[in-house]
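K.L.:
One structure, pasted below without further comment.
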Amino acid sequence: MSVRKARPAARWRGWRHAAALSVCVLLSACAEPPRTVVIIGGAASEGPGKHDYPQGVRKLQALIEASPDARAALRVVAYPDGWPQDPRALDGADTVVWYFDGLDRHPLRDPQRRRRFEALMQRGVGLVALHQSSTVPVGEDLGLARWLGGAREGMFDRSTEWAQLLPADTGASLSRGVAAFAYRDEFYPTFRFAAAGGKRLPVLKTTLHPQFRAGRPVIADRVEDVTVAWAFERDGGGRGFVYSGAHYLSALDRPQLATLLLNAIAWSAGAQIPRDGLRAAGLPADDKPPEAVAAASPQRATFHVDAARSGWRSDEAVLTPQNVDETRFGEVWQSLPLDGVDGQPARLYASPLYLDRLTLTQGPLRGEVFPVVIAASNSGYVYAIAAAQRGDIAAGRILWRTRLGAPCHLQPAPLDGVATGILSTPVIDAKRGRLYVTHCDPAARWQAYALDIGSGAVQPGWPVRLDEERFNAVNANAGPRRLPPKRRHDFRVQRGALNLSPDGGQLYVVFGESETGWLVAVDTRRAEVSSAFAAVAMPHRGSGGIWGAGGPAVDLEGRVYVVTGSGFEGYQDSAHDWTQSVLQLTPPGEKHGFALSGTYTPFNYCQSAKMDIDLGSGGAILLPEASSGDRRRLLAVGGKQGNVYLLDRDRMPGRLDRRPPCSDDASSDASLLPPQRQPQFGARGPLNVFGPYSERDAALDLARSRSLPASFRDRHGTDYLFVTGNSKRAPGSADSVPPSLVRLRVVRRKGLAPFLEVDRRQTSLVLANPGSPVVNSRGPQHAIVWVLDENAPRSALLSGADAPRPVLYALEAESLRLLWRSAPGELHTSGKYNEPAFGGGQVYVGTDRIQAFGLGGRRISRPAPVPPTVATVVPPAPSSTLAGAAVDEIYRQRCAACHDHAVGNIPPRDVIARHPRERIVHALSEGAMRPQAAGLSAEQIAQLADYLRRGRR
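Residue 22 is where the sequence shown starts when you use the numbering used here, and the numbers rise one by one after that.
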């Protein structure tokens with residue numbers, strides 16, 4: 022039947038209905054006459070396919086008239102465009118179907134119309150309310166609760182998602198022919214139900230994740246079991262039915278929902294429902310959700326911007342030095358705290374990663390596209406978090422989370438006093454829809470995982486176990502024999518960021534704090550370790566660790582660059598020992614593993630290797646190719662000594678079998694040296710950026726730098742490096758002084774090899790333990806340098822109420838002028854050596870949650886933790902009241918297991934004996950050794966410090 026206006030002669034319809042009944046009684050063999058259904062729509066109020074009520078009414082009419090069962094039982098009168106003007110248009114109705122906007126647009130807000138409709142309800146006419154038509158203004162019931170058993174008051178909440186809808190047992194007759202089905206729609210979780218009178222029967226139930234509540238998007242993803250469709254039988258006669266879905270016009274194309282709505286309309290009109298329900302005709306039979314394919318951009322996301330570790334993001338379109346200031350820039354959102362472990366909050370050592378478009382592949386939001394921040398925590402969780410509000414999904418809401426397992430607690434003492442689950446920054450291969458991450462769990466130890474970037478699901482064949490047995494089996498730098506491990510505990514640390522080969526076929530993973538440092542390749546297609554390279558062929562004292570946060574760098578040819586470090590007493594003269602070196606390797610192939618193709622070792626590596634002054638405390642960055650002039654392709658590397666070295670990566674200066682002889686002559690260093698005499702050497706030599714230069718005291722809290730430089734090229738084609746670190750007040754002092762940020766210029770002069778020179782120093786900031794700087798700019802303009810500082814010495818623990826709160830700094834790249842800094846306590850406690858991510862005009866910081874900063878944000882200051890005061894004063898020299906035997910016992914119980922059998926960066930007792938007494942007291946009272954000194958009095962700490970300074974006897 023075509024859509025038409027209702028006839029004014031309603032009395033004729035009533036006479037015809039009565040006459041038909043009389044004839045049926047006389048003949049005693051007449052089928053039940055069809056019931057009249059009046060469907061009322063309204064103006065379309067949203068975009069295409071949403072709240073398209075005129076088309077929705079036409080679809081409902083077509084469903085009834087196309088169904089062989091429904092068209093015999095029901096007769097339709099439709100008003101697609103709104104409430105009929107004729108006040109008698111509803112007089113002959115057996116049921117009325119509403120499909121229009123409610124709230125302040127609800128038609129029954131008209132008092133006369135409401136009185137007429139009230140009379141209709143009193144006569145027992147049925148009522149079906151779809152989607153927003155059951156929504157009334159707050160405080161205006163409009164009678165809906167009495168007619169339908171409940172109503173939605175105001176726009177309190179809603180949720181748009183894929184939902185699995187389950188027929189309820191109580192709605193048996195309405196659910197005939199309806200099986201469980203799933204589709205995406207906007208649903209209303211909360212209704213105000215009538216307190217008394219009538220009988221309400223749930224018909225469809227589901228589980229929702231409410232997205233909008235109390236006037237704002239909901240950041241917490243909390244599951245709620247709700248009824249989205251119910252039937253109601255009024256005490257005085259008459260039936261009602263409510264369905265909160267059908268926001269989208271396409272909902273009416275779902276076969277199961279169509280059958281349910283036909284059943285509900287017939288039931289509300291008093292018609293019989295067949296055993297198999299009123300079948301909808303002409304709709305597709307496949308009711309399964311379509312497969313969503315993970316799609317994301319950019320194609321790669323990794324630590325320090327890119328595979329080359331350039332540290333320069335040149336596509337910033339929003340933030341400039343002109344608008345990042347105290348009045349216009351601040352916190353715009355933060356996620357909820359991420360999952361902790363053992364009662365401790367999460368800590369994000371891994372830097373967050375940003376994707377501007379990610380299609381979700383599973384869950385209630387599958388098929389939807391979001392900008393996201395990826396976070397990975399020491400608790401063993403990985404998250405995708407909405408980076409901006411999309412629809413009702415709040416910025417900061419967790420879109421998926423995956424727990425990889427319980428985290429390790431490294432022995433003999435947990436790293437930084439916290440769990441060790443995920444330490445390194447993951448890497449994303451968007452082309453393959455994968456995120457790669459490593460995790461340490463107590464049973465399997467370190468493993469590499471491949472996750473579906475759209476859902477967080479672990480991919481088939483993964484995880485891949487990262488154990489030294491397998492590494493040794495495919496070791497490309499194996500010695501003549503394997504040496505048994507010397508460590509008493511597995512303290513391997515996988516802190517260096519992950520990286521990928523250009524084709525994504527090899528995942529690169531590095532290890533430090535092990536018998537030797539390792540570079541490992543995992544074949545991502547076969548999910549197996551394909552090759553490994555030991556930094557030291559014949560391991561000794563755990564030297565050669567590759568632990569810097571930068572991990573490996575990879576150039577466009579696929580060559581891999583790593584930087585190794587050392588521990589105390591880490592020098593040994595042997596072939597294929599690459600402690601304190603930069604290594605260039607060609608990648609594994611089908612029939613071969615890693616091959617060493619270039620090396621560099623500083624001139625003074627013998628001395629620095631003995632004193633834990635790691636070259637590999639950050640990693641290497643590969644500078645972009647020059648656009649003119651000298652076209653040498655360069656790499657740069659820093660280190661704990663505070664030097665920055667420049668190398669020609671196509672002409673690495675070292676041999677491939679052993680390091681050069683040790684030297685005291687700085688001018689013999691094989692890096693690209695400045696032509697000027699360096700004051701610390703009195704001759705040419707490497708550029709020292711953070712001083713004073715020392716070959717004895719540049720480890721632990723005296724280290725000068727643990728970060729990667731960041732590159733930048735200005736409009737003239739000049740390359741710069743920004744470096745962070747800690748200048749010290751004096752040799753042997755842990756007190757930091759400016760500068761903590763320095764800009765270096767790459768000088769390319771005709772007739773000379775490229776070299777570095779200090780271009781500008783930032784002279785007002787003192788950073789405590791800064792991460793790597795990152796530059797964002799609009800091409801060569803509007804450059805800003807960002808630095809995340811731990812705001813505490815390296816030895817500070819990250820557990821407890823007094824754990825340090827980091828500080829984020831923004832500085833103009835050209836002048837190094839401070840533009841903005843986060844307020845004291847504004848950032849929650851984080852990990853170490855991490856850096857912010859950028860995208861969508863915002864800056865994302867990983868702490869125990871994700872905190873986002875942007876234009877229009879607020880200045881939020883939280884109370885900073887109160888630092889401990891017990892150890893800020895050095896106790897007086899001890900008295901003789903504490904017997905020497907007691908001190909021996911304290912040392913035996915609390916210190917000997919590490920320092921009498923020291924390996925790696927644990928200082929041997931003889932090294933500690935050379936430290937000033939104040940430094941030992943500080944370490945025991947408020948530094949790295951505070952857990953070992955727990956419960957000791959100030960006098961006992963002083964006694965122990967003097968005992969340690971006596972050394973072995």
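We put the CB at the ideal spot given by N, CA and C, even for glycine. If you're wondering where the values come from, they're calculated on a predicted model, not measured in any experiment.
1. Which residue wins for smallest C-alpha separation from S843, given the options P132, T348 and G257?
2. Could you name the residues of the same chain whose beta carbon sits closer than 7 Å to that of R717, not counting the 5 residues immediately before and after it, in chain order?
3. Going by DSSP, what residues sit across from H230 in a beta bridge?
4. Express the C-alpha separation of D462 and R424 in angstroms, rounding to a whole number.
5. Applying the criterion that 16 or more other CB atoms from any shown protein chain within 10 Å of the CB defines a buried residue, is P857 buried or exposed?
6. What are the boundary residues of the alpha helix (DSSP H) that P366 is part of?
7. Okay, do the segment 107-127 and the segment 85-92 touch, 3+ Cβ pairs below 8 Å being the bar?
8. Quick test of the definition: if touching needs 3 or more C-beta pairs under 8 Å, does the segment 800-809 touch the segment 830-847?
9. For a quick check, are the C-beta atoms of S595 and L636 less than 9 Å apart?
10. Would you tell me roughly how many angstroms separate the C-alpha atoms of R781 and Y582, rounded to the nearest one?
11. Using the Cβ count rule (16 or more neighbours within 10 Å means buried), how would you classify E578?
12. With a threshold of 7 Å on Cβ separation, who are the neighbours of G259 within its own chain once the five nearest residues in sequence on each side are excluded?
13. Which two residues bound the contiguous alpha helix (DSSP H) that contains Y626?
14. Please give the ranges of any alpha helix (DSSP H) in the segment 62-147, keeping only runs that are unbroken, at least 4 residues long and fully inside the region.
15. Which of the three DSSP states, helix, strand or coil, is assigned to E352?
16. According to DSSP, which residues form a beta bridge with F214?
17. Nearest by alpha-carbon distance to D671: which of T156, F874, P760 and S618 is it?
18. Look up E536 in the DSSP assignment and say whether it is helix, strand or coil.
19. Whole-angstrom Cβ separation of D246 and K226, contact assumed at under 8 Å?
20. In chain order, which alpha helix (DSSP H) runs of at least 4 residues are fully inside the segment 693-767?
21. For G170, count neighbouring Cβ atoms within 10 angstroms of its own Cβ and tell me buried if that reaches 16, exposed if not.
22. Give me the Cα-Cα distance between Q964 and R970, rounded to the nearest whole angstrom.
23. Can you look up K220 in the DSSP assignment and give me helix, strand or coil?
24. Looking at C-alpha atoms only, which residue of A203, G175, M176 and S196 is the closest neighbour of W183?
25. Have a look at the DSSP bridge pairing and note the partners of S398.
26. Helix, strand or coil for Q605, going by three-state DSSP, please let me know.
27. Can you give me the Cβ contacts of V530 inside the same chain, cut-off strictly under 7 Å, excluding the 5 residues immediately before and after it?
28. For P560, count the other beta carbons within 10 Å of its own beta carbon; 16 or more makes it buried, fewer makes it exposed. Which is it?
29. Buried or exposed: where does A955 fall if 16 or more other Cβ atoms within 10 Å of its Cβ makes it buried?
30. Just verifying my parser: in three-state terms, what is the DSSP assignment at A959?
31. Applying the 10 Å Cβ sphere with the 16-neighbour rule, what's the burial state of P428?
32. Here's the rule I'm using: 16 or more other beta-carbon atoms within 10 Å means buried, otherwise exposed. How should G236 be labelled?
33. Tell me the residue span of the beta strand (DSSP E) that contains E245.
34. Determine whether the beta carbon atoms of A641 and D598 lie at a separation below 9 Å.
35. Excluding five sequence neighbours on each side, which residues of the same chain lie with their C-beta closer than 8 Å to the C-beta of G62?
36. For chain D, check one thing: does any of its Cβ atoms lie closer than 9 Å to the Cβ of R764?
P.N.:
The structure says:
1. T348
2. M632
3. In the DSSP output, where bridge partners are listed per residue, H230 has none listed.
4. 11 Å
5. buried
6. From DSSP, P366 is part of no alpha helix (DSSP H); its letter is neither H nor E.
7. no
8. yes
9. no
10. 28 Å
11. exposed
12. M142, G145, V146 and G147
13. Y626 to K631
14. 74-87, 91-94 and 132-143
15. strand
16. G171
17. S618
18. coil
19. 7 Å
20. none
21. buried
22. 10 Å
23. strand
24. A203
25. Beta-bridge pairing links S398 to no other residue.
26. strand
27. T459, A469, L487, Q515, L519, V541 and V543
28. buried
29. exposed
30. helix
31. buried
32. exposed
33. E245 to E254
34. no
35. Y74, P75, G77, V78, A99, Y100, P101, D102, G103, Y120 and F121
36. Note that chain D does not occur in the displayed structure, where there is just one protein chain.
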